[in-house]
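Working notes, beginning with the structure itself.
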């Protein structure tokens, strides 16, 4: 896997994951600008087109938030490997999430032959990661670690970061954003719910260009805050990731 987050430790303002997220917002801005142009021209005559642009923007925004959270996690995992962070201080949840597919397979069978086969596969594939001594000799398979994370509601994002042993995400989020925290959490959950309704064919699931613009600004705050608090946690407990 490419070392997208390699190089010397620099105390950048944001992670590369966040910078990439902000860059991807440009394609959403294109849709909203088109919708606003249609709205100014004739909102009634262009209603269907405006709705299509806005619905597409919401779906893209939700997808970009999901990708951002995963990339932020990947950033941390890659830094742990590159900076040779000692595993003795890592949460056991990290190891579980590397090998959770094997654990699930073992839970789903009572056949001794199949169990033995799964254990042999685990030994061949994942045993090298399982030690609390020294650093990881190989890069952590981020696709396996990230598996199962989707539909980035606030609670699911919190649970995702708990895979690293980070248990104070909600507390730190509310401390960082202050009075804006509740509104931001609600907007994130509303965005995911709206995206799901759109995906299920609900033609009434939409927002105006102005409402989507406000959504983008608030979601950007969500990602910036998440970037800050998770980066701080990693620096305090493992190593810098930005």
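In full-length UniProt numbering, the protein residues as written are 1 to 242. C-beta: ideal position from N, C-alpha, C; glycine also. None of the values given here were measured: they were computed from a predicted structure.
Does DSSP put residue i in a helix, a strand or coil?
i, result
"residue 85", "coil"
"residue 15", "coil"
"residue 7", "Confidence at residue 7 is low in this model, with a pLDDT of 44, below 50, so the placement of that residue is unreliable and no value is reported for it."
"residue 1", "Confidence in residue 1 is poor, its pLDDT being 38 and thus under 50, which makes the residue's placement too unreliable to answer from."
"residue 240", "coil"
"residue 150", "coil"
"residue 203", "coil"
"residue 134", "coil"
"residue 110", "coil"
"residue 45", "coil"
Let's see if you can read the secondary structure: which residues bound the alpha helix (DSSP H) around residue i?
i, result
"residue 245", "Nothing about residue 245 can be reported from this structure: the residues present for the chain run from 1 to 242 only."
"residue 224", "209-237"
"residue 192", "181-199"
"residue 171", "169-177"
"residue 140", "Element bounds for residue 140: n/a, residue is neither H nor E."
"residue 93", "92-98"
"residue 128", "That residue, residue 128, is in no alpha helix (DSSP H); it is neither H nor E in DSSP."
Considering only the alpha carbon of each residue, which of the options lies closest to residue i?
i, options, result
"residue 63", "234, 235, 188", "188"
"residue 155", "142, 107, 192", "192"
"residue 55", "241, 206, 227, 221", "206"
"residue 214", "146, 106, 190", "190"
"residue 233", "108, 161, 105, 32", "161"
"residue 139", "35, 126, 148", "126"
"residue 211", "194, 227, 177", "194"
"residue 180", "149, 158, 217", "217"
"residue 239", "105, 95, 29, 75", "75"
"residue 153", "29, 231, 110, 186", "186"
"residue 121", "242, 101, 111, 110", "101"
"residue 208", "169, 58, 92, 143", "58"
"residue 230", "118, 141, 77", "77"
"residue 184", "143, 226, 151", "226"
"residue 104", "124, 65, 144, 21", "144"
Practice task
Report yes or no: do the segment 40-49 and the segment 188-205 share at least 3 C-beta pairs separated by less than 8 Å?
Solution key: no
Exercise for the section: May I ask you to verify whether the segment 124-140 touches the segment 83-91, counting CB pairs closer than 8 Å and requiring at least 3? Expected result: In short, these stretches touch, since the Cβ pair count reaches three.
Practice task
May I ask you to verify whether the segment 65-77 touches the segment 13-22, counting CB pairs closer than 8 Å and requiring at least 3?
Solution key: yes
Problem - Inter-stretch contact at 8 Å, needing at least 3 Cβ pairs: the segment 172-180 / the segment 217-226 - result: Verdict: yes, contact present.
Problem - Segment contact, 8 Å Cβ cut-off, at least three pairs: the segment 117-132 with the segment 155-165 - result: No, the segment 117-132 does not touch the segment 155-165.
Problem - Cβ pair count under 8 Å reaching 3, the segment 77-85 against the segment 31-39 - result: no
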